[in-house]
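At position 58 of the sequence shown (counting the first as 1) the number is 64 in the working numbering, and the numbers step up by one without a gap.
All C-beta atoms, glycine included, are put in the ideal place defined by N, C-alpha and C.
Scroll down for the structure; my scribbles are underneath it.
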Amino acid sequence: MKKLLLIIGLCAGLKASAQVTTDTITRSTYTLTHDSISRKTYTLIFINKDATFAKEGSAVKQRMIDAFFLVYPAEAETFNKNTLNKVTFVIDPGYDGVAATGNGVVTFNPAWMLKKPTDLDVVTHEVMHIVQDYGDSNGPGWLTEGIADYARAVFGVDNVGAKWYLPKFKSTQSYTNSYRITARFFLWVEKNIKPGLVISLDAKLRAHTYTDNTIKDLTGKTFDQLWADYAAANTPKG
Numbered sequence: 007m008k009k010l011l012l013i014i015g016l017c018a019g020l021k022a023s024a025q026v027t028t029d030t031i032t033r034s035t036y037t038l039t040h041d042s043i044s045r046k047t048y049t050l051i052f053i054n055k056d057a058t059f060a061k062e063g064s065a066v067k068q069r070m071i072d073a074f075f076l077v078y079p080a081e082a083e084t085f086n087k088n089t090l091n092k093v094t095f096v097i098d099p100g101y102d103g104v105a106a107t108g109n110g111v112v113t114f115n116p117a118w119m120l121k122k123p124t125d126l127d128v129v130t131h132e133v134m135h136i137v138q139d140y141g142d143s144n145g146p147g148w149l150t151e152g153i154a155d156y157a158r159a160v161f162g163v164d165n166v167g168a169k170w171y172l173p174k175f176k177s178t179q180s181y182t183n184s185y186r187i188t189a190r191f192f193l194w195v196e197k198n199i200k201p202g203l204v205i206s207l208d209a210k211l212r213a214h215t216y217t218d219n220t221i222k223d224l225t226g227k228t229f230d231q232l233w234a235d236y237a238a239a240n241t242p243k244g
């Protein structure tokens, strides 16, 4: 409820002060549109390089923009108030993944966003990487991605519509599997052992003070011990 109220409040305030400018640049091989949308302290630059997305993706584009202004301020408020005030989205037909983030720029595959228009919380996951801002952190990659999917689970705007969920525990899993498996594990640890764990881990990763002993310092247990507790709690008895 606290998160929901935070997002609703941010949404109402941000929409009231929105400023939008659009530029169109024509090249021999494509037409590029460049939108700048500002709401309160945050600005989103939305660049589209794909003709098909320009014709068919206007609704998806608007939902991506709205998702950004819902989740990014909320993630920033929770994890890193010093995160970037300006973020860039690029719709790039030359990119064949789903989405990738670096240096405040999120690149999206237009074919994916048109095929999966309800998968808006790709935005939630990717902009969390901007908030994380770990740089050349000494933390493991599975931890970075697990925290980003934790943020998607907590702050997501339409995970249900995308049929995105956190998978139930299986004995073949490990906390190092990353993404959704790690996110579900973190939610369990926070509920049952250490509230606020992810905020603490995130801060240490950003400050480059994370070590192999950090989890034990925070919870009194190693990751292996916590996973054993998680496995025991999620394995049917009898």
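- DSSP places N198 within a helical segment (H, G or I) once states are collapsed to three.
- Beta-bridge partners of R186 (DSSP): none assigned.
- Contact annotation: the segment 72–83 touches the segment 129–139, with at least three C-beta pairs closer than 8 Å.
- A213: member of the alpha helix (DSSP H) spanning L203 to A213, first to last residue.
- The residues V66, in chain order, have a CB closer than 6 Å to that of M119 in the same chain once the five nearest residues on each side in sequence are set aside.
- If you draw a straight line from the Cα of L38 to the Cα of L207, it comes to about 40 Å.
- By the Cβ rule, the segment 143–162 does not count as touching the segment 92–106, because fewer than three pairs are nearer than 8 Å.
- In terms of Cβ geometry, A168 and D125 form a close pair [threshold 8 Å].
- Taking 8 Å as the cut-off, the beta carbon of P116 is found closer than this to the beta carbon of T58.
- Residue burial is scored here from C-beta neighbours: K55 has at least 16 other C-beta atoms within 10 angstroms and is therefore classed as buried.
- DSSP, reduced to helix, strand and coil, places Y48 within a strand of the structure shown.
- The Cβ-Cβ distance between A73 and V129 falls below 8 Å.
- Secondary structure of Q25 (DSSP, three-state): strand.
- Ranked by Cα distance from G145, the options V163, F191 and T182 are led by T182.
- For A213, the number of other beta carbons within 10 angstroms of its own is below 16, and it is reported as exposed.
- Separation of the CB atoms of L149 and L211 is rounded to 7 Å, and the pair is thereby assigned contact status at 8 Å.
- A buried status is given to G63, since no fewer than 16 other beta-carbon atoms sit within 10 Å of its beta-carbon.
- If you draw a 10 Å sphere on the C-beta of T188, you find 16 or more other C-beta atoms in it, and that means buried.
- By the beta-carbon neighbour count (other beta carbons within 10 angstroms, threshold 16), G162 is buried.
- Residue state for S64 is assigned as helix, using DSSP reduced to three classes.
- Taking the C-beta atoms as reference points, T94 is found nearer than 8 Å to I51.
- If you draw a 10 Å sphere on the C-beta of S177, you find fewer than 16 other C-beta atoms in it, and that means exposed.
- A residue is called buried once 16 or more other Cβ atoms fall within 10 Å of its Cβ, and A105 is buried on that count.
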